[in-house]
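Protein chains: 2
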Amino acid sequence: MDKKELFDQFVAFTAAVHQVTHELTQDVKIDNITPVQYKILEHIKVSQPVTPTEISDCQHMSLPNTSRELRKLQERKLVEKMIDTEDRRKHYVCLTADGEKMMKEAFACIEERFQQLIQHASKKDLEDIQDALNILNKKVFQPKL
Amino acid sequence: MDKKELFDQFVAFTAAVHQVTHELTQDVKIDNITPVQYKILEHIKVSQPVTPTEISDCQHMSLPNTSRELRKLQERKLVEKMIDTEDRRKHYVCLTADGEKMMKEAFACIEERFQQLIQHASKKDLEDIQDALNILNKKVFQPKL
DNA sequence: TCCATTACTTATCATTTGATAACGAAATAA
DNA sequence: TTATTTCGTTATCAAATGATAAGTAATGGA
Numbered sequence: 041m042d043k044k045e046l047f048d049q050f051v052a053f054t055a056a057v058h059q060v061t062h063e064l065t066q067d068v069k070i071d072n073i074t075p076v077q078y079k080i081l082e083h084i085k086v087s088q089p090v091t092p093t094e095i096s097d098c099q100h101m102s103l104p105n106t107s108r109e110l111r112k113l114q115e116r117k118l119v120e121k122m123i124d125t126e127d128r129r130k131h132y133v134c135l136t137a138d139g140e141k142m143m144k145e146a147f148a149c150i151e152e153r154f155q156q157l158i159q160h161a162s163k164k165d166l167e168d169i170q171d172a173l174n175i176l177n178k179k180v181f182q183p184k185l
Numbered sequence: 041m042d043k044k045e046l047f048d049q050f051v052a053f054t055a056a057v058h059q060v061t062h063e064l065t066q067d068v069k070i071d072n073i074t075p076v077q078y079k080i081l082e083h084i085k086v087s088q089p090v091t092p093t094e095i096s097d098c099q100h101m102s103l104p105n106t107s108r109e110l111r112k113l114q115e116r117k118l119v120e121k122m123i124d125t126e127d128r129r130k131h132y133v134c135l136t137a138d139g140e141k142m143m144k145e146a147f148a149c150i151e152e153r154f155q156q157l158i159q160h161a162s163k164k165d166l167e168d169i170q171d172a173l174n175i176l177n178k179k180v181f182q183p184k185l
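Chains as they are written, first to last, in the working numbering: chain A, 41 to 185; chain B, 41 to 185.
The following block contains the structure:
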């Protein structure tokens, strides 16, 4: 087994993943949301409640810039902040009802495209895919330990 | 087999792929290259010779903007253009020796990090990973058809 | 020949994103 | 109490990216 070969395969694979991700998410109709703002909303959606610092770390952006984007999202009533009662420096960010609705629609659109992508897969194919996802998650993409 | 469940798994997986890709490529020492320029160089590296129109399509950017970035890369002697002798409207873009060197170093750096990522994988693990990559490529991420 | 199309360029402008300094309020440690 | 640290904000500036209009040159077809 050639590790170099595996690397080449890995590079091609990640390129394909990025390509497909782009196709699935492009032009998802969410009015006037910038890519960065969408990423933030997506992150809040799956991890809420979440603090600005956590968003900053996970999205690899500075806290001031995170704060700015959160303010814009808040002004548009897509997210809301709450102050931790224990430690009043901490803010918890959640989606508002509007924000939930928008993200739900976005995910529905993406899921529809995804289902189209695998529409021709047999029952066995689907199981194989699931197994493959599990293996790669466990052996390669697993976030630290 | 629940297709909805598979979608959720897929979303989590692609998020993990993007995360790992970011970790592998962040701070790859290539002096003053912007992310977009790096993507272009990467694309040229694996597909050269390539035309501006092809880059424009694959990188999802307009031809004028592609042209601008290529000019900057050309000014820095990282890429060079040749005119098609058959159809003199077409330009073929390639990496210069400097460009090749820079990309080779970048890939070496990324590969080193990748090998670290799978350093604890057994021989069987590596085979499993390879199989999983093949399955996903074929069943899901395969570019059209 | 004239016209339409293709491939690419230049120029310009708006928006998004990144980086940094300076500040405030709350918690914590001395 | 007085530091010091943490979490978050505002403000400002620079750079990267996106969008669009206009232009050139080559091709190919009528």
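Beta carbons are placed, not taken as given, at the ideal position from N, Cα and C, and that holds for glycine.
(Q) Suppose you measure from the CA of A:H100 to the CA of A:S87; what does that come to, to the nearest Å? (A) Take the alpha-carbon of A:H100 and the one of A:S87: they are about 16 Å apart.
Q) Given a threshold of 16 other Cβ atoms within 10 Å of its Cβ, counted over all protein chains shown, does B:E45 qualify as buried or as exposed? A) exposed
Q. If we ignore side chains and look at the alpha-carbon of each, how far apart do A:H103 and A:L118 end up?
A. Sequence check: residue 103 of chain A is Leu here, not His. One C-alpha to the other measures close to 19 Å.
Q. Distance, Cα to Cα, B:H62 vs A:E94?
A. 17 Å
Q.
Per the DSSP calculation, B:Y132 is bridged to which residue(s)?
A. B:M122
Q. Who does A:V90 pair with in a DSSP beta bridge?
A. As DSSP reads the structure, A:V90 sits in a beta bridge with A:V133.
(Q) For A:Y132 and A:T125, I'd like the C-alpha separation in whole angstroms. (A) 10 Å
**Q.** Under the three-state DSSP convention, the category B:S107 falls into
**A.** helix
Q: With A:F53 as the anchor, note down where its alpha helix (DSSP H) starts and where it stops.
A: K43 to T65
Q: State the CB to CB distance for the pair A:T136 and A:E120, rounded to an integer number of angstroms; the pair is presumed to be in contact (CB under 8 Å).
A: 5 Å
Q: Using the Cα positions of B:R108 and A:V76, report the straight-line distance between them to the nearest angstrom.
A: Each residue's alpha carbon lies about 24 Å from the other.
Q) How close, in whole Å, do the beta carbons of A:L195 and B:F53 come, if the pair is a contact with beta carbons under 8 Å? A) For chain A, the structure presents residues 41 to 185; residue 195 of chain A sits outside this window and is missing.
Q: Quick one: using the 10 Å Cβ neighbour count with 16 as the cut-off for buried, is A:M122 buried or exposed?
A: exposed
**Q.** Proximity test, Cβ basis, 9 Å: A:K44 and chain B
**A.** yes
Q.
How far does the alpha helix (DSSP H) with A:I165 in it extend, from its first residue to its last?
A. Strictly speaking, residue 165 of chain A in this sequence is Asp, with Ile absent from that position. It spans K163 to L176 - the alpha helix (DSSP H) in which A:D165 sits, taken as one unbroken run.
Q: Taking only the alpha-carbon atoms, compute the straight-line gap between A:V180 and B:H58 and give it to the nearest angstrom.
A: Whole-angstrom Cα-Cα distance: 12 Å.
Q) Between the stretch 157-179 of chain B and chain A, which residues of the former have CB atoms less than 7 Å from a CB of the latter, in chain order? A) L157, I158, A161, K163, D165, L166, E167, D168, I169, Q170, A172, L173, I175, L176, N177 and K179
Q: Measure from the alpha carbon of A:K79 to the alpha carbon of each residue in A:I169, A:L166 and A:L113, then state which is nearest.
A: For A:K79, the closest alpha carbon among the candidates A:I169, A:L166 and A:L113 is that of A:L113.
Q: Could you tell me which of A:Q156, A:E82, A:N177 and A:L64 sits nearest to B:K43, measuring between CA atoms?
A: A:Q156
(Q) Any beta carbon from chain B within less than 9 Å of A:Q182's own beta carbon? (A) yes
Q) Do the CB positions of A:C134 and A:I70 come within less than 9 Å of each other? A) Not in contact: A:C134 and A:I70 (Cβ atoms no closer than 9 Å).
Q) From B:I154 to B:Q170, what does the alpha carbon distance come to, in whole angstroms? A) A small correction: the amino acid at residue 154 of chain B is Phe; Ile does not occupy that position in the sequence shown. Cα to Cα, B:F154 sits roughly 14 Å from B:Q170.
Q.
Distance cutoff 9 Å, beta carbons only. Does B:T61 sit that close to anything in chain A?
A. yes
Q: Work out the CA separation of B:K141 and B:Q159 for me, nearest whole Å.
A: 26 Å
Q.
I'd like the list of long-range same chain contacts for B:L185, defined as Cβ closer than 7 Å, with 5 residues on each side in sequence excluded.
A. Unreliable positioning characterises B:L185 in this predicted model, as indicated by a pLDDT of 48, which lies under 50. The coordinate reading is nonetheless provided below. Hits under 7 Å: none found.
(Q) For A:Q66, tell me which candidate among A:E167, A:L176 and A:C149 has the shortest Cα-Cα distance. (A) A:C149
Q. How many angstroms separate the CA atom of B:V51 from the CA atom of B:L81?
A. 28 Å
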